[in-house]
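Going by full-length UniProt numbering, the first residue of the sequence shown is number 1, and it counts up by one from there.
Report on the structure given below.
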Amino acid sequence: MEKQSARNMELLAPAGTIEAFEAAVESGADAIYIGAPAFNARALARHFSLAEVAAMIDHAHKNRVKVYLAMNSLMKEGEIGKAVEELAALEALKADALIIQDLGISYLARKFFPGLRLHASTLMGAHNSLNVRQFAEMGFQRVVLAREMTLSEIGKIHNACPVELEVFVHGALCFAYSGLCLFSSYLGGKSGLRGRCVQPCRRRYTWGSKGRGPGAPAGYLFSMNDLAGLELIPQLRQAGVSSLKIEGRMRSPQYVASVVKAYRLALDNPATPAVLAEAKELLEQAMGRKASFGYFKKAQPADIIAPQHSGNIGLFLGKIEKVTANRAQMTLKEPLRTGDRLRIHQEGSGDRQGFTLKGLWQGKVPLDTAKAGSKVQLDLPPGAKWGDSLYKVDLGERRQQAAKKGIQPGLFSKKVAKLVDPRKLAQIAHFLGKPVNRPAVGKGREERPVRGQVQNPGQVQGRRGVPQVQLPLEWWLKIDDFESLKVQMPTPPSRLVITLSRQTFSQYSRQQKRLTPYRRRLVWALPPVILEDDLSFYREAIEHLRRSGYNAWQIGHIGQRLLFAQAHQEVPGEPGGGTHPPGRKKGRGIQASSERLLLFGDYTLNVLNSMSVQALAGLGLGNVQLAIETDRQNLFDLLGHKNTLPVGMTIYGLPPLFTARLASSFFKYDQPLISPKGEVIVLKQCWGQTVAVAAEPFSLLPHSVELAARGVAFGVVDLSHMRPRPDELVGVFRQSGQPGRGGHRLRTFNYTGTLL
Numbered sequence: 001m002e003k004q005s006a007r008n009m010e011l012l013a014p015a016g017t018i019e020a021f022e023a024a025v026e027s028g029a030d031a032i033y034i035g036a037p038a039f040n041a042r043a044l045a046r047h048f049s050l051a052e053v054a055a056m057i058d059h060a061h062k063n064r065v066k067v068y069l070a071m072n073s074l075m076k077e078g079e080i081g082k083a084v085e086e087l088a089a090l091e092a093l094k095a096d097a098l099i100i101q102d103l104g105i106s107y108l109a110r111k112f113f114p115g116l117r118l119h120a121s122t123l124m125g126a127h128n129s130l131n132v133r134q135f136a137e138m139g140f141q142r143v144v145l146a147r148e149m150t151l152s153e154i155g156k157i158h159n160a161c162p163v164e165l166e167v168f169v170h171g172a173l174c175f176a177y178s179g180l181c182l183f184s185s186y187l188g189g190k191s192g193l194r195g196r197c198v199q200p201c202r203r204r205y206t207w208g209s210k211g212r213g214p215g216a217p218a219g220y221l222f223s224m225n226d227l228a229g230l231e232l233i234p235q236l237r238q239a240g241v242s243s244l245k246i247e248g249r250m251r252s253p254q255y256v257a258s259v260v261k262a263y264r265l266a267l268d269n270p271a272t273p274a275v276l277a278e279a280k281e282l283l284e285q286a287m288g289r290k291a292s293f294g295y296f297k298k299a300q301p302a303d304i305i306a307p308q309h310s311g312n313i314g315l316f317l318g319k320i321e322k323v324t325a326n327r328a329q330m331t332l333k334e335p336l337r338t339g340d341r342l343r344i345h346q347e348g349s350g351d352r353q354g355f356t357l358k359g360l361w362q363g364k365v366p367l368d369t370a371k372a373g374s375k376v377q378l379d380l381p382p383g384a385k386w387g388d389s390l391y392k393v394d395l396g397e398r399r400q401q402a403a404k405k406g407i408q409p410g411l412f413s414k415k416v417a418k419l420v421d422p423r424k425l426a427q428i429a430h431f432l433g434k435p436v437n438r439p440a441v442g443k444g445r446e447e448r449p450v451r452g453q454v455q456n457p458g459q460v461q462g463r464r465g466v467p468q469v470q471l472p473l474e475w476w477l478k479i480d481d482f483e484s485l486k487v488q489m490p491t492p493p494s495r496l497v498i499t500l501s502r503q504t505f506s507q508y509s510r511q512q513k514r515l516t517p518y519r520r521r522l523v524w525a526l527p528p529v530i531l532e533d534d535l536s537f538y539r540e541a542i543e544h545l546r547r548s549g550y551n552a553w554q555i556g557h558i559g560q561r562l563l564f565a566q567a568h569q570e571v572p573g574e575p576g577g578g579t580h581p582p583g584r585k586k587g588r589g590i591q592a593s594s595e596r597l598l599l600f601g602d603y604t605l606n607v608l609n610s611m612s613v614q615a616l617a618g619l620g621l622g623n624v625q626l627a628i629e630t631d632r633q634n635l636f637d638l639l640g641h642k643n644t645l646p647v648g649m650t651i652y653g654l655p656p657l658f659t660a661r662l663a664s665s666f667f668k669y670d671q672p673l674i675s676p677k678g679e680v681i682v683l684k685q686c687w688g689q690t691v692a693v694a695a696e697p698f699s700l701l702p703h704s705v706e707l708a709a710r711g712v713a714f715g716v717v718d719l720s721h722m723r724p725r726p727d728e729l730v731g732v733f734r735q736s737g738q739p740g741r742g743g744h745r746l747r748t749f750n751y752t753g754t755l756l
């Protein structure tokens, strides 16, 4: 594939409403991305109808503007049929590209809808050249890079990969690597990977005391400033970027218009100081957060977080000085008028609420406008308190401007009603097969004993008096430090999984005796993030360990499979079949390069459906762990399908709630942090990244009988990020097969709830 000329960089704008879409077209966008009707990572926004999508595509194409559909949410098993219908409709509507996160949606698109051009979403975690090469081999024609990439890293990826590169150049930044954030899901089932993030990273945190009670104030430690790369366009062009992407599908039409105009000016008038100054003025009008260059210039930027500020968008108006009957008194730091769009930040809880200002007063006199420095009273929504902060996020006069109404969805209603041939959908459904119907399992329902399974696993005395517990399913032990092998084993694990890092690799040579019992069942695991400059270490370590006879590996990102391919033997295989050495049969994937090599998939591959399992089987994996945030019903739906790979789950551990590149000077590692809602997390440094874990592990061991009966092939007990006690496992294994019994109950993540 030829790369797009760097001289023709695309300006890609967001649109969450028809009004914003029209504003993007009029302001000079080359392309616009909108949410697909049901599977986009901004699920909290209103879905577009197919008629609206058809009207927007028609309007854009008449103006020589492209339209990309963000179908970048993870798909649950019960949503496969709906996804097929949507893919068929978007192909028929001639969308210019589809932005995808889910491996299962990618599999469906490539197999049944070859007319769709595919872009790999930033949620797929493309943070090195191997990841980008892998996506290119899978049929993606463009890759949206992780936001954490520096200009130097982008340039290296461009030189190594024959695929278009897209980068976010303006707008909100997430603290975590996209695709690796479980924070919102863990705290209440609202998955950021399914577009329902409640943004716990924007809350104010307090350092906990030894007893985990409130201690010293910490601040808004994870609330990132906005990205603004306007001044870096020449460097981005030189690095080989094909498309400059503006974040903001939840933003107003006025925001979209201002930002698109600013970047259009800068792109069309390079090296013109007066034009750059005009563009910066337009960005000021957009009312975003405090701006930074993100990670473009430095891997550890100092200005990317201001912990003393909440990180709200808009102009800071001041703090509430007094509240009486939903009317607040404050001294304005910026001018204000009725009709302006405001946002209140409740400092006590961290909650935020947007509203339109309807009443503005000075004493008993109603006002239309008030100047900065004025002491005024404002009508506020219920719940406002003394000390809460107020922000102006849009101007009333701009919001009153009517849309041009060039887009008329009603004209396309008949067209979309007959868009998809039902015979094609029936053929696809027949090919995929119908999953076996399983009874729905509601929240909190007690499991019933399954014939052939032991309801309460028995205990026998092992060596040295350690009780051995016979689990009803095969279990694997995972560690990230050899010291964890000092724990007492209630029963021998089927596999020992060790995360490969600089630390464990240096420990390895001193741990030969301890590894002897596990030699034939040892799996080396790769972390989900390996940055470009760390690839050489992992290549050398993998080569050394493979020469030592270790041939079972677990990958944390699908691109890591290329670390096990022999570069000089790679030739293209069939779609989804990976690469194969000359003389071997096609379609056998990586395993064809070595008969002894076994590749397994970690839960960070984000598998929620059987189509993703099918895709990974085609790429040569031997088994896969399901996404750790799955709920019980989705698990049973997936296991009811005839899967091509054995499926496992993490059943005990402290999964990273987020994984981030930033390691700020104001972070305190291994010390509790408490949110305004009483949630406790702990920061740790692992494999060169910052991770946050919960204060206590979660456990599905009480549900192990049910998991085994439903077809879970193995359960992973993960001691990573812990300092386990010698009897850690003995205690938790006693819970096996006994839901709702015993003393202290651990969380079950989303298993007994609902993943939204």
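Backbone N, C-alpha and C fix where the C-beta goes; we use that ideal spot for every residue, glycine too.
Owing to the predicted nature of the structure, the values given are computational and were not obtained by experimental measurement.
Return the residue from the list R510, I407 and G620 that minimises the CA-CA distance to H61.
-> Nearest of R510, I407 and G620 to H61, Cα basis: I407.
Q353: first and last residue of the uninterrupted alpha helix (DSSP H) it sits in = Counting along the chain, Q353 falls outside any alpha helix (DSSP H), though it belongs to the beta strand (DSSP E) covering R352 to T356.
For S121 versus C161, is the C-beta spacing smaller than 7 Å?
-> Their beta carbons are not under 7 Å apart, which means S121 does not touch C161 by this criterion.
Can you check DSSP and say which residues form a bridge with A328?
-> According to DSSP, A328 shares a beta bridge with V323 and L378.
Pull up the DSSP beta-bridge partners for G601, would you.
-> Residue pairing by DSSP puts G601 in a beta bridge opposite I555 and V624.
Would the beta-carbon of Y177 fall within 7 Å of that of T659?
-> Note that the C-beta distance between Y177 and T659 is below 7 Å.
Based on the DSSP output, what are the partners of G35 in its beta bridges?
-> In DSSP, G35 forms a bridge with A70.
Between the C-alpha atoms of R343 and T356, what's the straight-line distance to the nearest angstrom?
-> Distance between the alpha carbons of R343 and T356: 9 Å.
Look at the alpha carbon of S243 and the alpha carbon of T650, and state the distance between them as a whole number of angstroms.
-> Per the coordinates, the alpha-carbon of S243 lies some 38 Å from the alpha-carbon of T650.
Beta-carbon contacts of I327 that lie in its chain and below 8 Å, excluding the five residues immediately before and after | It is worth fixing the name first, because residue 327 is Arg in this sequence and not Ile. If we look at R327 and ignore the five residues flanking it on each side, its Cβ neighbours are G359, W361, Q377, L378, D379 and L380.
Output yes or no for whether 7 Å exceeds the beta carbon distance between V275 and N269.
-> Contact annotation: V275 and N269 have beta-carbon atoms nearer than 7 Å.
Minimum C-alpha distance to K245 - residue among K319, Q199 and R147 = Of the candidates K319, Q199 and R147, the one whose C-alpha sits nearest the C-alpha of K245 is R147.
Taking only the alpha-carbon atoms, compute the straight-line gap between N609 and L74 and give it to the nearest angstrom.
-> Using only the alpha carbons, I get a separation of about 9 Å.
Check whether the Cβ atoms of L227 and H158 lie closer than 7 Å to each other.
-> Their beta carbons are not under 7 Å apart, which means L227 does not touch H158 by this criterion.
What's the C-alpha gap between A552 and K415?
-> Taking the straight line from one Cα to the other gives about 53 Å.
Q560 in three-state terms, based on DSSP | DSSP places Q560 in helix when its eight states are reduced to three.
Return helix, strand or coil for M124, following the three-state DSSP convention.
-> In the three-state reduction of the DSSP assignment, M124 falls in the helix class.
Out of Q329, V691 and P676, which has the shortest C-alpha to C-alpha gap to L683?
-> The alpha carbon of L683 has as its nearest neighbour, out of Q329, V691 and P676, the alpha carbon of V691.
Segment limits, beta strand (DSSP E) that includes E164 | That run of the beta strand (DSSP E) goes E164 to G171.
Going by Cα to Cα distance, which pick from L626, L645 and I628 is closest to A617?
-> For A617, the nearest C-alpha among the options comes from L645.
Is it right to say V732 is buried, meaning 16 or more other beta carbons lie within 10 angstroms of its own, or is it exposed?
-> Buried, by the Cβ-count rule.
Using the C-alpha atoms, what's the distance from G559 back to P449?
-> Because the pLDDT of P449 is 41, which lies under 50, any placement of that residue in the model is unreliable, and the number read from its coordinates should be weighed accordingly. About 41 Å.
Do you know offhand how far K513's Cα is from R519's?
-> Take the alpha-carbon of K513 and the one of R519: they are about 10 Å apart.
Other residues of its chain near R140: CB distance less than 6 Å, five sequence neighbours each side excluded = Going by the sequence as given, residue 140 is Phe instead of Arg. These residues qualify, in order along the chain: L118 and A120.
Put F667 into one of helix, strand or coil per three-state DSSP.
-> It is coil, neither helix nor strand.
For H345, which beta-bridge partners are listed by DSSP?
-> Secondary-structure assignment with DSSP links H345 through a beta bridge to R352 and S389.
Would you say A24 and I34 are within 7 Å of each other, going by their C-beta atoms?
-> Contact: no.
Going by the beta-carbon positions, is the gap between A70 and L87 smaller than 7 Å?
-> The beta carbons of A70 and L87 sit no closer together than 7 Å.
Just tell me which of D602, E153, I681 and A218 has its CA closest to the CA of T534.
-> Note that residue 534 is Asp in the sequence shown, not Thr. With distances taken between Cα atoms, D534 lies closest to E153.
Please state whether DSSP places T650 in a helix, a strand or coil.
-> In this structure, DSSP gives T650 an extended state, which the three-state scheme calls strand.
Okay, do the segment 180 to 191 and the segment 247 to 266 touch, 3+ Cβ pairs below 8 Å being the bar?
-> Output reads no: the segment 247 to 266 does not touch the segment 180 to 191.
Find the nearest neighbour of T630 within the set G549, K76, A694 and S664, judged by alpha-carbon distance.
-> Among G549, K76, A694 and S664, the Cα nearest to that of T630 belongs to K76.
Coil, strand or helix - P702 by DSSP = Residue state, collapsed to three classes: helix.
Bridge partner(s) assigned by DSSP for E474 | Looking at the DSSP output, E474 shares a beta bridge with F714.
Between the segment 49 to 64 and the segment 381 to 394, do three or more beta carbon pairs fall short of 8 Å?
-> Because the criterion of three Cβ pairs below 8 Å is not met, the segment 49 to 64 and the segment 381 to 394 do not touch.
Could you have a look at G573 and say whether DSSP puts it in helix, strand or coil?
-> In this prediction, G573 has a pLDDT of 32, which is less than 50 and means its spatial position is unreliable; nothing more can be read from the coordinates.
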